[in-house]
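Reading through the structure tokens given below for one structure.
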Amino acid sequence: MSTRTEDTVRREKGRPAAPGSELTSPSARRLYERKVRSSRLALIVEQAWPRFWVPFGVAGIFVLISLSGAWPLIPAWAHKGLLALFGLLLLASVFPIFLQRWPSREDAFRRIEQKSGLRHRPLSSFEDRLSGFRSSTSTERLWHAHRARTAALFNHLKTGWPRPRVDLYDPFALRALLVLLLFVGLIATGNQSLDRLASAFQVGKNRIPETLRLDAWVTPPLYTRKPPILLADGAHPLPKGDSEARIVEVPENSILIIRVNGAQDAKLSIGMTEAGAHGRRDIPVSENEQAGEFSEHKIVLKASSSVDVRDGTAPLFGWHFNIIPDTPPKIALTKPPENSPRGAIKLSYRVEDDYGVVDAKAKFVRAKPGQSKAEPESERPLGEAPVIPLTLPRTNPKLAESKIYKDLMSHPWAGLKVILTLEAKDQAGQIGTSKSHKLTLPARKFKKRLARAVVEQRRNLVLRPTSNRKKVVRSLDALTLAPEKFIEDKTVYLGLRSARWQLNNNKSRETVAAVVDRLWDIALRIEDGDLSDAERALRDAQDRLSKALQENAPESEIKKLIEELRTALNKFLREFAKKNGDQRNAALPDKFSPNRMFSQKDLEQLLKNIENLSKTGSKDAAQKLLSELRDLLEGLQRGRTPQNSQAQRMMKMMEELGELITRQQRLLDETFEAGRQSKQQRQGRGREGKGAGDPKGRKPGEGKGEGAGRGRGNKGPGQYGTLAARQKALRDMLDRMLEDMRALGANPPDQIEDAGRAMGDAGKALDQEKLGRATQQQTLALDRLRQGSQSMAEQLLKGLVARFGRTPRDPLGRPRRTQGPDLGNSVKVPDEIDVQRAREILEELRRRLSEPARPPLELDYIERLLRRF
């Protein structure tokens with residue numbers, strides 16, 4: 001339906017026509033309405049934009065104050081007042097926006113008419129309508145003509161851009177400065193901008209004075225080897241949530257250090273609340289700090305607790321510390337206590353601690369004290385409870401196993417039942433103990449009667465020093481009554497007489513104790529001569545070297561102690577060989593021994609390896625090799641025993657078998673050479689027969705037979721007969737060895753019997769002048785002899801292990817040749833290349849440490865490395 005028809009209908013119904021109905025084109029109508037809306041929106045912007053800058057300015061100033069971090073610095077009452085003021089200002093600035101009159105359609109018409117330069121308000125007249133009374137046709141035509149002329153102007157209507165004219169309200173453009181400051185503040189604060197904005201609404205929290213600097217950190221104990229934990233750095237602003245407790249895990253006995261500076265404008269207090277305790281324990285800040293000087297507070301954290309820093313009642317910092325407990329060390333025996341062949345007690349033990357064991361010892365107490373508590377002090381047995389310091393393989397080990405030998409035979413409690421307890425101590429001073437073990441302290445058994453008599457009198461003095469003193473004096477008189485018959489050593493005689501006069505003239509316990517020690521030395525000299533002194537010096541040298549390795553002593557000191565150990569070892573070996581009579585039957589032979597399978601050359605190499613390892617910083621490996629040396633020396637028997645005779649006969653048999661192999665090899669070489677020469681002679685005679693013929697007319701067969709007969713007569717019966725006789729003699733020698741082995745109860749290896757049969761076949765071949773077959777059988781016999789000797793050596797070593805309880809390894813922990821190659825499960829001793837490389841590294845570290853231009857952190861690290869190695 002057209003617009004014209006609609007107007008006619010409206011007139012017929014008594015209503016005026018719709019305004020703008022002359023805009024018959026829909027696109028023209030939409031353009032018209034869009035311009036009206038644009039004009040109205042521009043009016044809204046022009047009215048609202050200046051009013052919007054007022055609340056924006058209030059909010060901008062509030063944000064600037066927050067970004068500057070000023071809220072925590074002002075008092076709480078001022079903080080609350082400013083918050084209320086900004087709130088009222090914001091409401092006052094926003095309220096006019098909601099009260100303003102929004103532009104109407106007529107206002108939009110006025111703006112369009114002004115922007116388009118139209119006079120007489122054509123848009124308003126276009127919006128007018130005819131009255132509701134019926135009009136004549138001419139009137140309507142005139143009216144529509146007027147509207148059509150007005151609508152023709154709509155194609156040139158202009159709305160224009162909004163012009164808020166904020167400059168009328170802000171002629172100095174302070175709004176631009178505010179925006180610039182907000183942008184700079186957001187960039188400067190970065191990630192902390194939200195935290196600072198939030199601080200505006202945290203009244204009374206994080207109220208830190210401007211001059212206040214608070215640093216806090218936790219220093220764990222040095223033995224934990226853990227770095228310090230930084231809690232608060234005064235050079236940086238507080239992160240969000242620092243006023244609430246922060247959970248931190250620290251080792252036990254850590255030290256919390258809080259350093260405060262510039263607290264003159266605050267009333268700071270440090271409080272601590274331990275777990276399970278009621279109430280907060282305050283640590284007020286000192287007066288010096290209130291005056292502006294810094295103060296430092298140290299709190300030892302032994303249990304889980306909370307620590308906070310407050311300004312009056314407002315919390316500034318807070319931490320909750322969860323303590324990582326430092327458990328006491330653990331120590332235990334890995335095997336029951338043992339007694340070495342030389343009488344020393346051997347303790348094998350294991351230590352464990354979360355941060356490292358600093359000290360360990362073994363304590364003994366009497367299982368059944370012989371004296372009651374009511375007896376006088378003078379009648380109590382002599383001797384204090386023995387305490388053995390236990391060696392550790394390295395400094396402050398967290399987990400380690402070790403062993404120690406200690407000679408307690410000279411102690412007054414030797415031979416008595418005692419209770420052993422091991423103790424370990426960590427760097428925090430905590431002590432851990434092992435389970436108690438009952439044992440009997442080893443006592444020396446003397447073979448010489450005079451030595452036994454002296455030890456018996458010594459024991460009487462130990463048990464009842466006062467009542468038995470006169471009896472011991474009389475006994476010593478009796479022992480020295482006829483020295484020319486019983487005492488060969490003048491030193492022993494003079495020592496006994498000196499002890500007698502000391503006991504007779506002085507009754508003090510100190511004198512009696514000194515006589516007890518002297519009587520023991522005299523008994524050892526009677527029994528062993530100078531060997532006991534050499535043995536004591538050797539053990540002292542071992543103990544000093546072990547302690548130096550454990551304490552990371554300087555290289556010069558370790559070298560000196562190794563030289564002392566070498567001197568003491570050589571003296572001990574000389575005295576030991578002299579005591580046993582024959583160097584070949586001593587415990588350190590050059591070849592095999594029924595007691596120990598090493599030579600003095602091995603011991604010297606062992607000492608060199610210990611020295612090289614200590615130079616390269618491998619103190620743990622050096623300590624382990626020193627322990628191996630102790631095992632070797634403690635395994636020496638105090639003289640020969642009857643049980644060694646069978647082993648010695650077996651060793652002699654092994655030497656005879658080696659001699660037999662050498663003679664068989666020589667016989668094989670001679671047999672082979674004889675066969676080669678015989679073959680060359682036969683080849684030479686064959687060439688002569690072919691070239692010259694038979695000059696005397698003999699038959700070929702006769703000449704050959706005669707020549708052959710002469711050859712056998714000259715070369716065979718003389719030389720081959722000797723070879724056959726020598727082979728038969730070697731076979732007889734082997735048969736006697738087999739009979740001796742069976743007599744000793746040993747089963748001869750099958751290879752030895754095979755060698756005997758091959759030697760018999762070789763002798764028969766030599767009798768038959770079959771040199772080729774003889775050579776083959778001799779080669780077979782020689783091969784079987786070598787295999788048999790290897791098998792006999794292994795059998796002998798197994799017998800020694802079963803009898804003496806020792807593994808067939810050399811002093812360096814490597815398997816012997818009879819036990820196959822070293823599979824790498826022994827102590828690794830660095831070769832020359834490893835040692836040289838380690839020395840180069842140490843020299844480079846020392847060179848870098850001497851350069852002061854390097855960073856302090858690197859110099860500190862290098863110094864710690866050199867201190868360790």
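The sequence shown runs 1 to 869 under our numbering.
Built from N, CA and C at the ideal position, the CB exists for glycine as well.
It is roughly 50 Å from the alpha-carbon of A367 to the alpha-carbon of N747.
Going by C-alpha positions, D754 is about 30 Å away from K679. Contact annotation: Q550 and L422 have beta-carbon atoms that are not nearer than 7 Å. Counting other Cβ atoms within 10 Å of its Cβ, Y169 stays below 16 and is therefore classed as exposed. The three-state secondary structure of K80, taken from DSSP, is helix.
For R175, the uninterrupted alpha helix (DSSP H) run begins and ends at L174 to T189, by DSSP. Counting of Cβ neighbours within 10 angstroms places W161 among the exposed residues, the total staying below 16. Comparing alpha-carbon positions, the option among L439, V58 and G318 lying closest to L88 turns out to be V58.
Three or more pairs of CB atoms, one per stretch, sit closer than 8 Å, so the region 483–495 contacts the region 518–525.
Assigned with DSSP and collapsed to three states, R350 falls in strand. When C-beta atoms of the region 215–232 are compared with those of the region 89–97, fewer than three pairs fall below 8 Å, so the two segments do not count as touching.
Between the region 413–429 and the region 496–514, the count of Cβ pairs shorter than 8 Å is below three; the stretches do not touch.
Nearest C-alpha to L633 among D233, S614, Q202 and F572: F572. With respect to the C-alpha of P50, the residue from R30, P483, I65 and D167 having the closest C-alpha is D167. For the pair T567 and S340, the Cα-to-Cα distance works out to about 23 Å. Secondary structure of I65 (DSSP, three-state): helix. Membership of P389 in any alpha helix (DSSP H) is not indicated; the residue belongs instead to the beta strand (DSSP E) covering V387 to P389.
Secondary structure note for Y493: its alpha helix (DSSP H) is the uninterrupted segment K490 to N505. Under the three-state reduction of DSSP output, G429 falls in the coil class, being neither helix nor strand.
Beta bridge pairing from DSSP links L565 with no other residue.
Rounded to whole angstroms, T662 and S791 show a C-alpha spacing of 18 Å.
In this structure, DSSP gives G788 a helical state, which the three-state scheme calls helix. Per the Cβ contact rule, the region 433–443 is not in contact with the region 477–491 (fewer than 3 Cβ pairs under 8 Å).
R731 is classed as buried because its beta carbon has at least 16 other beta carbons within 10 Å across all chains shown.
In this structure the region 465–474 touches the region 502–522; the number of beta carbon pairs closer than 8 Å is three or more. A direct Cα-Cα distance of roughly 43 Å separates I331 from V472. DSSP lists L256 as the beta-bridge partner residues of I299.
Under the DSSP assignment, S402 falls in the beta strand (DSSP E) whose first and last residues are L399 to K406. Taking every protein chain shown into account, the CB of F172 has fewer than 16 other CB atoms within 10 angstroms, so this residue is exposed. By the Cβ criterion, the region 318–337 is in contact with the region 347–354, since at least three pairs of Cβ atoms, one from each stretch, lie closer than 8 Å. The C-alpha of R459 lies about 20 Å from the C-alpha of N505. With distances taken between CA atoms, S66 lies nearest to A200 out of S138, A200, P55 and S254. F321 sits close to V248, with the two beta carbons spaced by under 7 Å.
Linking R213 to R854 through their CA atoms gives a straight-line distance of about 32 Å.
Looking at the backbone, the Cα of T159 and that of S39 are separated by about 5 Å.
Sequence-distant partners of R574 (beyond 5 residues in either direction) whose C-beta falls short of 7 Å from its own C-beta are missing from its chain.
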